[in-house]
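Following my numbering, the numbering of the sequence shown begins with 21 at its first residue and continues without gaps. Only one structure is covered here, and it is reproduced in the block below.
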Amino acid sequence: MFIITIDGQEDAGAYSVKNEEGEEILYIFEEEDDAIRYALMLEEKDYPEMHVIEVHPPTMIAMCETHDYDYTVITSNDIVIPPDKKYDLI
């Protein structure tokens with residue numbers, strides 16, 4: 021599985037989006053190609069250069085659950101498009 025960060029700032033946090041309630045949702049991609057494609061779409065929307073990082077699924081999910089952080093797993097069957105508005109990294 022893969023997450024997206026700002027290139028060179030991997031320790032600062034990962035890319036997330038806000039849901040309708042204003043809560044941050046971490047995107048965890050199953051496929052590297054999908055994460056790369058999404059990162060490129062972000063860069064086209066004036067985000068800084070992004071970096072795709074491979075993560076260990078059980079560890080990443082356990083970390084999210086331990087810190088009560090919402091996440092969603094983006095499968096190869098999902099279509100996600102970056103929002104028009106920039107959001108903070110988590």
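Where a beta carbon is used, it is the ideal one built from N, C-alpha and C, also for glycine.
- Which runs of the beta strand (DSSP E) fall wholly inside the region 33 to 67 and span at least 3 residues, in chain order? 36 to 38 and 44 to 49
- Message: Please report the distance separating the alpha-carbon of I180 from that of F49.
- Response: Residue 180 is absent from the structure shown; the chain starts at 21 and stops at 110.
- Report the rounded CA-to-CA distance for E74 versus I101, giving the unit in angstroms. Cα-Cα distance, rounded: 20 Å.
- Give me the Cα-Cα distance between L62 and I99, rounded to the nearest whole angstrom. 14 Å
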